[in-house]
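Take the position in the sequence shown, starting the count at 1, then add 1368; the result is the number in our numbering. Each residue gets a CB set at the ideal place from its N, CA and C atoms; glycine is no exception. Remember, it's a predicted structure, so these values are computed and weren't measured experimentally. What follows is a single structure, written as structure tokens, with notes after it.
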Amino acid sequence: MASIHENLSRIQDRIAAAATRVGRDPDSIELVAVAKTKPVRLIVAAIEAGITHIGENRVQEAQSKHPQIDLPVKWHLVGHLQRNKVKQALQIFDLIHSVDSPRLLAEIDRRSAASNRTTEILIQVNTSAEPSKYGLEPDQTLDFIESAHPYPHVRIKGLMTIGAFLPDPEAVRPMFALLRQLREKIIAQQFPNVEMDTLSMGMTNDFEVAIEEGANLIRVGTAIFGEREENV
């Protein structure tokens, strides 16, 4: 079985090739290692191999790992966030990728104000039109961002989407292109406190297409840690 270091080297080569194909700087693309179900020792190995961003799907799982990893990394919540977990999430994560409802946005702002902090978030958009996926409908996103004005303790940094799980990554391209186009529309509106400098899209099976469509933050788990799930 390949080592994490070897896996990362291959991924970085693929990132560089995808970026070069569309005239982008590979260094402009951040790799988030998604550590769902992976034990702390593998996360530490990934950090020692050069990873600086760790992603988790669940707040509860991150709560058990975070205190054991005293290393300079940024933590990303890439899975769905329930409102009753916001307080705990703010104690761990540097960026929340999955904000998709007014009530969740309001709760993040309220908890952030109580902690005298500003929380960086991404708006999750359902670009695949799959009922099973979380996220705003694309045509709801502009109105949602406009409604965020009253929340000074939340900073919207960009957008996130999860492409459909399809055998051919090219079939996912329109979903990533849609997110990029939506970002451009939002930038044109010049909303206050909205930066739109992050497009979080692309996973193990489709991150190269995502990069070609403008992703600057990709979320990769299996290609780094392998297929096998292990107990935390």
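Exercise. To the nearest angstrom, how far is it from the Cα of H1448 to the Cα of R1378?
Worked result: As a working mapping, residue 1448 is identified with position 80 in the sequence shown. As a working mapping, residue 1378 is identified with position 10 in the sequence shown. Going from the Cα of H1448 to the Cα of R1378 covers about 29 Å.
Problem set entry | Option nearest L1550 by Cα separation, candidates G1594, I1415, T1529, I1579 | Your numbering for residue 1550 matches position 182 in the sequence shown. If you compare the alpha carbons of G1594, I1415, T1529, I1579 with that of L1550, the shortest gap goes to T1529.
Exercise. What residue from K1404, P1440, E1416 has the CA that sits closest to Q1428's CA?
Worked result: Taking the first residue of the sequence shown as position 1, residue 1428 is located at position 60. Ranking K1404, P1440, E1416 by Cα distance to Q1428 puts K1404 first.
Exercise. Of the residues T1572, G1570, M1569, K1553, which one's Cα is nearest the Cα of E1601?
Worked result: As displayed, the chain neither begins before 1369 nor continues past 1600, which places residue 1601 out of reach and without an answer.
For this session: Apply the 10 Å Cβ neighbour rule to T1388 and answer buried if 16 or more other Cβ atoms are within range, or exposed otherwise.
Result: The count along the sequence shown starts at 1 and reaches residue 1388 at position 20. Here T1388 is exposed, its C-beta having fewer than 16 other C-beta atoms within 10 Å.
For this session: Could you tell me whether the segment 1577 to 1589 touches the segment 1395 to 1402, where touching means 3 or more Cβ pairs closer than 8 Å?
Result: Yes, the segment 1577 to 1589 touches the segment 1395 to 1402.
Exercise. Three-state secondary structure (DSSP) at E1576?
Worked result: Locating residue 1576 in the sequence shown gives position 208, where the first residue counts as 1. Helix.
Exercise. Residue range of the alpha helix (DSSP H) that I1419 falls in?
Worked result: As a working note, residue 1419 is residue 51 in the sequence shown. In the DSSP assignment, I1419 falls outside any alpha helix (DSSP H), carrying neither H nor E.
Problem set entry | 7 Å CB neighbourhood of G1418 in its chain, flanking five on each side removed | Along the sequence shown, one-based indexing puts residue 1418 at 50. For G1418, where only same-chain residues beyond five positions count, the Cβ hits under 7 Å are L1376.
Exercise. Around the C-beta of P1506, are 16 or more other C-beta atoms found within 10 angstroms, so that it is buried, or is it exposed?
Worked result: For the purposes of this step, residue 1506 is identified with residue 138 of the sequence shown, where counting begins at 1. Classification of P1506: buried, given that the 10 Å Cβ count is 16 or more.
For this session: Using beta-carbon positions only, say whether S1568 and G1526 come within less than 9 Å of one another.
Result: Position 200 of the sequence shown, counted from the start, is the residue given in the question as residue 1568. Position 158 of the sequence shown, counted from the start, is the residue given in the question as residue 1526. If you check the CB distance, S1568 and G1526 come in under 9 Å.
Exercise. Do V1522 and T1487 have their C-beta atoms within less than 9 Å of each other?
Worked result: The residue given as residue 1522 occupies position 154 in the sequence shown. The residue given as residue 1487 occupies position 119 in the sequence shown. The Cβ atoms of V1522 and T1487 lie closer than 9 Å to each other.
Exercise. Tell me which same chain residues have a C-beta within less than 6 Å of the C-beta of G1391, skipping the five on either side of it?
Worked result: Along the sequence shown, read from residue 1 onward, the residue named residue 1391 stands at position 23. If we look at G1391 and ignore the five residues flanking it on each side, it has no Cβ neighbours.
Exercise. For A1511 versus F1544, is the C-beta spacing smaller than 9 Å?
Worked result: Indexing the sequence shown from 1 puts residue 1511 at position 143. Indexing the sequence shown from 1 puts residue 1544 at position 176. Going by the sequence as given, residue 1511 is Asp instead of Ala. Against a cut-off of 9 Å, the Cβ pair of F1544 and D1511 comes out as no contact.
Exercise. In chain order, which continuous runs of the alpha helix (DSSP H) of length 4 or greater are located wholly inside the segment 1424 to 1466?
Worked result: Counting whole runs of 4 or more residues, the segment 1424 to 1466 contains the alpha helix (DSSP H) stretches 1427 to 1433, 1454 to 1458.
For this session: Have a look at D1462, Q1431, R1485, W1443 and flag the residue whose alpha-carbon is nearest the alpha-carbon of K1453.
Result: Translated into the one-based positions of the sequence shown, residue 1453 becomes position 85. Here the closest residue by C-alpha is Q1431.
Exercise. Which stretch, first to last residue, makes up the alpha helix (DSSP H) that contains E1552?
Worked result: Start at 1 with the first residue of the sequence shown, and residue 1552 comes out as number 184. Its alpha helix (DSSP H) spans residues 1541 to 1557.
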